[in-house]
Each structure stands twice: as C-alpha cells, then as structure tokens.
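Notes follow the structure.
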Amino acid sequence: MSGGGGGKPQDVPVSEGEKLQAQTAKDQYAYYQQRYVPLEQRGIADAMQDHTARLVGQTSGGAMRSATGGLAAAALSHGPVDSGGLGAGLTQGYVDATAAGIRERDDRRLDMLNVGRGLSADTSKSLSDAARLQTDAAIADVQSRLAEQQAKNSTRQAIVGGLAAVGGMYGTKQLLNYQSSQQALKTSLSQGGSMAGYTSPQFQNWVTAQRAGGGR
Amino acid sequence: MAGGGGGGGGGGARKKIEASIKATAALTGSSSKTPLADELARISRDEFDRYLEMYRPLEDKTIDSLNESTVASSMERAGGEQVRARQALERMRGRYGTEVNPTMMAAEARQNNLSGALNTMTAGNTAKLRDLDNQRQTLAGLLNVGQTVRQESMGNYSAASGLEGARNQANQANKAAYKQQQAANRNATIQAGATLAMAAMMAF
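Respectively, the protein sequence lines represent chains B and X.
Per my numbering, residue 150 is the first one in the first sequence, and the count goes up by one each step.
Per my numbering, residue 471 is the first one in the second sequence, and the count goes up by one each step.
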C-alpha cells in the first residue's frame with residue numbers, strides 16, 4: 150500500500166478491527182443508556198426520598214403495642230402510675246428510629262454519589278484521551294503542512310538556483326566568446342602585418358610604384 | 471486484517487459498521503481526521519452533563535442535610551408521647567373501671583410533669599448526639615466524594631496542561647523550522663542574485 154516509487158501516498162485503510170471496535174463501543178454505550186441509565190435514575194429518585202417518617206411510624210406502633218401489657222397492669226393497680234415512663238420509651242423509640250432512618254437515607258445517597266463519582270471520573274478520563282488524540286492529530290496536521298511547504302520551498306530554491314546557474318553559464322560562455330574573438334582578432338592582425346599585409350601583390354605593386362615615381 | 475469477519479452474514483454487519491462510521495464522521499464534521507475521538511469527546515461531555523443533571527442535585531441535598539437537626543422535633547415528640555401515654559393509661563383505667571382518688575391523681579400529675587420535663591430534655595440530648603453521629607458519618611462520606619472531585623479536577627488540569635505544553639512545543643518547533651526555511655530561501659535567493667549579477671558583468 151505504500152504506492153512504491155513516487156506515487157501519491159494513499160490513506161491508511163480503516164482496519165476491520167477498528168471498525169468492529171468502534172461499533173462494539175457504540176453498541177455497548179447504547180445498551181448502557183437503554184438499560185442502566187434508567188436504573189441510575191431510579192436509584193437517584195429513591196435516594197432523594199426520605200423514608201424516616203415511615204420507619205418512625207412503624208417503630209412507634211410497635212413500641213405502643215409492646216407497652217400495652219404493662220400499661221394494663223398499671224391501670225389495674227390502684228396506686229399512682231408514672232405514665233412518663235411509657236412516654237419516655239415511646240420518645241426513645243422515635244429518636245432511635247429517626248436517627249436510623251436518617252442514617253439509612255444518607256447511606257443510600259452516598260452510595261449513589263459514589264456511582265456518580267465513577268461516572269464523572271470515567272468521563273474525565275475519556276475526555277482526556279479524546280483531547281490528547283485530537284491535539285496530537287492537530288499537531289501532526291500542522292507539521293505535515295509545514296513539511297509540505299518546506300518541500301515546495303526547496304523546489305523553488307532549486308529552480309532559482311538552476312536559473313542562476315544557467316545564467317552564470319551563459320555569462321561565462323559570452324565572456325569566453327568575447328575573449329576568443331579578441332584573441333582571434335589580435336592573432337589575425339599580427340599575422341596579417343607580417344605575412345599577408347606586406348607581402349601581398351597589391352602591396353608589392355604599391356611599393357614598386359612608389360619607388361618608380363621617385364618617392365615622396 | 472480481520473479477514474472477512476464471519477462469512478455471508480458479515481457483509482450486512484460490515485455495511486452497518488461503515489454506515490455508522492460515516493454517520494459519525496458526518497455528525498462530527500466530515501473534515502475531521504479524528505471522527506471517533508471527536509465522538510468520544512462529545513459523549514464524554516454529554517456524560518458529564520448527565521452527571522451534573524442527575525447527581526449534583528443529590529450531592530447538594532446530601533450536603534444540605536448536614537445542617538438538619540432532629541432535636542426540636544424530638545423534644546416536641548417527647549411532649550406528645552407524654553400526653554399519649556397519659557391518655558392510654560386513662561383509657562385503660564376507664565376500660566377496667568379503676569378508680570383513682572384526687573390525692574393520688576395530684577401526685578401522679580406532679581410525677582408526670584417532672585418525668586415529662588426530664589423526657590423532653592433527654593430526647594433533645596439524645597437526638598443531638600444521634601445527629602452528630604450521623605452527620606460525622608455523612609460528612610466522612612462527602613469528604614471522600616469531595617476528594618475524588620478534587621483529584622479529578624487536578625487530573626483534568628494536568629491533562630489539559632500537558633496538551634497545552636505539547637501544542638506550545640510543536641508551535642515553537644514549527645516556527646523555528648519555518649524561520650530556518652525562510653533563511654534558507656533568502657540565502658538561496660541572494661546566492662542566485664549574486665550569480666546572475668556576476669554572469670551579467672561577465673556577459674556585458
């Protein structure tokens with residue numbers, strides 16, 4: 150899949166495992182939302198309730214029933230009866246039941262809060278993972294664009310450098326041509342003076358004519 | 471490669487998976503290179519919002535319950551139970567036809583008043599102790615909850631700071647590479663210009 154030898158690189162294909170894992174995650178999450186979120190809601194709704202009054206009522210009724218025998222015996226006696234003892238027992242039952250009811254209620258609330266804590270902790274972790282992946286991808290994206298830009302700049306540099314080299318070569322060639330033509334001219338003049346110019350028939354004739362005419 | 475994923479029935483499932491991934495990509499923006507991470511981030515935030523919606527009221531209610539007191543209701547109840555016990559005794563005496571003379575009734579009334587006052591104070595004191603006991607236990611549970619909230623907050627800060635650091639580091643490296651590239655461009659341009667100038671001087 151590398152494209153071997155200069156072709157445009159293809160995207161890495163999505164593996165079957167990745168697809169299956171993504172789908173499994175979706176299915177599990179959907180199932181959790183469908184089946185367990187309602188249970189959480191139910192647990193929270195229950196934890197919001199305070200059943201203390203019901204517990205107190207049950208306790209108070211039971212205490213009264215259990216005291217009935219002793220109260221009947223006291224009523225049958227002709228002596229003074231301290232009904233405060235019965236009242237104290239009933240009150241103690243109320244205080245105990247209230248405290249137990251509050252404890253049970255708060256324990257239920259704390260249990261549900263721990264469930265909520267787990268939820269919040271999981272969301273923090275998954276959010277952290279997601280943010281890391283997104284930032285890494287964004288960094289890689291910027292870096293790859295920078296690398297791409299650098300490659301383009303390198304190409305541009307190569308073109309400019311190449312043009313400059315061609316220009317340089319042209320200049321050198323021109324210089325060499327000029328030097329060569331100068332040299333040729335110089336050589337020609339030199340050779341012409343000693344050989345061609347003064348030994349030509351025209352020049353010889355001119356010299357003869359000059360001599361015949363007596364010169365100037 | 472998973473290698474086909476289970477024969478003939480796998481085709482439909484695979485189409486479903488691909489459609490789901492496409493739907494995810496469409497949902498999170500098709501231009502994104504990390505559609506699953508985007509969805510994870512979105513779901514995570516939704517879940518946190520659900521936590522806020524469902525659990526925060528319960529947390530508030532539990533915290534507020536630390537200020538509850540059963541002292542007043544217990545003392546009030548003590549007075550009521552005293553009357554109730556007295557009425558029950560009177561009903562029993564009426565049922566059994568027990569006669570009580572005025573002197574004994576006066577003595578009973580004095581005794582009941584004393585024990586009633588004592589019961590009321592005892593109820594108040596006991597309720598106060600029970601309240602303290604309950605509040606301590608609930609407070610301990612809430613402090614544990616608070617610690618995990620703090621740890622989670624610090625963890626999130628730490629993770630976000632790590633991302634910030636990685637981003638800054640990448641930005642600095644990118645800027646340095648960009649400057650280096652610009653300098654290389656400039657140098658190359660100057661060299662090319664010098665070469666051309668030399669060529670021109672040689673040519674003309």
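Think of the CB as a built atom: it goes at the ideal place given N, C-alpha and C, for glycine as much as any other residue.
Here the structure is a predicted model, which is why all the values come from computation and not from measurement.
Using a Cβ cut-off of 8 Å (strictly closer), state whether residue i contacts chain X.
i, result
"ALA103(B)", "Only positions 150 to 365 of chain B appear in this structure, which leaves residue 103(B) out of reach."
"HIS200(B)", "no"
"ALA300(B)", "no"
"ARG214(B)", "no"
"PRO158(B)", "no"
"TYR180(B)", "no"
"GLN323(B)", "yes"
"GLN353(B)", "no"
"GLY219(B)", "no"
"VAL161(B)", "no"
"GLN306(B)", "yes"
Residues in the same chain with beta-carbon distance under 7 Å from residue i, minus the five sequence neighbours each way, listed in chain order, please.
i, result
"ILE251(B)", "THR201"
"ALA196(B)", "ARG257, ARG258, MET261"
"LEU609(X)", "LEU536"
"ALA223(B)", "VAL230"
Pick helix, strand or coil for residue i, following the three-state DSSP scheme.
i, result
"GLU255(B)", "The amino acid at residue 255(B) is misidentified as Glu; the sequence shows Asp. ASP255(B) falls in the helix class under three-state DSSP."
"GLN198(B)", "coil"
"THR532(X)", "helix"
"GLU538(X)", "coil"
"THR498(X)", "For THR498(X), the pLDDT reaches just 45, beneath the cut-off of 50, and the residue's location in the model is therefore unreliable, although a value from the coordinates is still provided. Three-state DSSP puts THR498(X) in a helix."
"PHE674(X)", "coil"
"LYS503(X)", "coil"
"GLY228(B)", "coil"
"GLN110(B)", "Chain B is shown from 150 up to 365; residue 110(B) falls before or after that span and cannot be answered."
"GLU569(X)", "coil"
"SER623(X)", "helix"
"TYR243(B)", "helix"
"SER164(B)", "coil"
"TYR525(X)", "coil"
"GLY310(B)", "helix"
"GLY236(B)", "helix"
"GLY362(B)", "coil"
Is there a Cβ from chain B that is less than 8 Å from the Cβ of residue i?
i, result
"ILE513(X)", "yes"
"SER501(X)", "no"
"GLN651(X)", "yes"
"GLN642(X)", "no"
"ARG656(X)", "no"
"SER631(X)", "no"
"THR638(X)", "As written in the sequence, residue 638(X) is Asn, which differs from the Thr given in the question. No, because no Cβ of chain B sits closer than 8 Å to the Cβ of ASN638(X)."
"MET471(X)", "Per-residue confidence for MET471(X) stands at a pLDDT of 35, beneath the threshold of 50, marking its modelled position as unreliable; the derived number appears in the next sentence. Closer than 8 Å: yes."
"GLY586(X)", "yes"
"LEU497(X)", "Low confidence applies here, because LEU497(X) scores a pLDDT of 49, under 50, leaving its location unreliable and the question unanswered by this model."
"MET624(X)", "no"
"MET591(X)", "no"
"GLU551(X)", "yes"
"TYR521(X)", "yes"
"ARG554(X)", "yes"
"GLY635(X)", "no"
"ALA670(X)", "yes"
"ARG606(X)", "no"
"TYR627(X)", "no"
"ARG600(X)", "yes"
"MET673(X)", "Here residue 673(X) turns out to be Ala, not Met, going by the sequence shown. Answer yes: the Cβ-Cβ gap between ALA673(X) and chain B drops below 8 Å somewhere."
Taking only heavy atoms of the ligand NAD into account, decide whether any of them is closer than 7 Å to the Cβ of residue i.
i, result
"GLY234(B)", "Here there are no bound small molecules, and the ligand NAD is not part of this structure."
Flag this pair as touching only if the stretch 257–266 of chain B and the stretch 562–577 of chain X have three or more C-beta atom pairs under 8 Å; answer yes or no. Counting Cβ pairs under 8 Å, fewer than three are found: no touch.
Indicate whether the contact test is met: 3 or more Cβ pairs, each with one atom in the stretch 230–250 of chain B and one in the stretch 270–287 of chain B, closer than 8 Å. Not touching, per the Cβ criterion.
Would the stretch 526–542 of chain X count as touching the stretch 600–608 of chain X if we require 3 or more Cβ pairs under 8 Å? Touching, yes.
May I ask you to list, following chain order, the residues of the stretch 530–549 of chain X that have a beta carbon less than 7 Å from some beta carbon of chain B? Interface annotation for the stretch 530–549 of chain X against chain B: LYS531, THR532, SER535, THR540, SER544, ARG547, ALA548, criterion Cβ-Cβ distance under 7 Å.
Check whether the stretch 211–224 of chain B touches the stretch 236–256 of chain B, counting contact only when three or more Cβ pairs, one atom from each stretch, lie closer than 8 Å. Because the criterion of three Cβ pairs below 8 Å is met, the stretch 211–224 of chain B and the stretch 236–256 of chain B touch.
Is it a yes or a no for the stretch 573–581 of chain X touching the stretch 523–530 of chain X, going by three-plus beta-carbon pairs under 8 Å? Of all C-beta pairs linking the stretch 573–581 of chain X to the stretch 523–530 of chain X, fewer than three are shorter than 8 Å, placing the two stretches out of contact.
At least three beta-carbon pairs within less than 8 Å, the stretch 283–298 of chain B to the stretch 541–557 of chain X: Not touching, per the Cβ criterion.
Are there three or more Cβ pairs, one per stretch, closer than 8 Å when the stretch 663–671 of chain X is compared with the stretch 315–324 of chain B? Taking a cut-off of 8 Å on C-beta distances, the stretch 663–671 of chain X touches the stretch 315–324 of chain B, as three or more cross pairs fall below it.
Could you check whether the stretch 602–617 of chain X touches the stretch 543–553 of chain X, counting it as contact only if at least three pairs of C-beta atoms, one from each stretch, sit closer than 8 Å? Contact between the stretch 602–617 of chain X and the stretch 543–553 of chain X is absent, with fewer than three C-beta pairs closer than 8 Å.
If you pair each beta-carbon of the stretch 654–663 of chain X with each one of the stretch 295–309 of chain B, do three or more pairs fall below 8 Å? With the rule of 3 Cβ pairs closer than 8 Å, the stretch 654–663 of chain X counts as touching the stretch 295–309 of chain B.
Going along the chain, which residues of the stretch 270–291 of chain B sit with their C-beta nearer than 9 Å to a C-beta in chain X? Listed in sequence order: ALA270, ASP271, THR272, SER273, LYS274, SER275, LEU276, SER277, ASP278, ALA279, ALA280, ARG281, LEU282, GLN283, THR284, ASP285, ALA286, ALA287, ILE288, ALA289, ASP290, VAL291.
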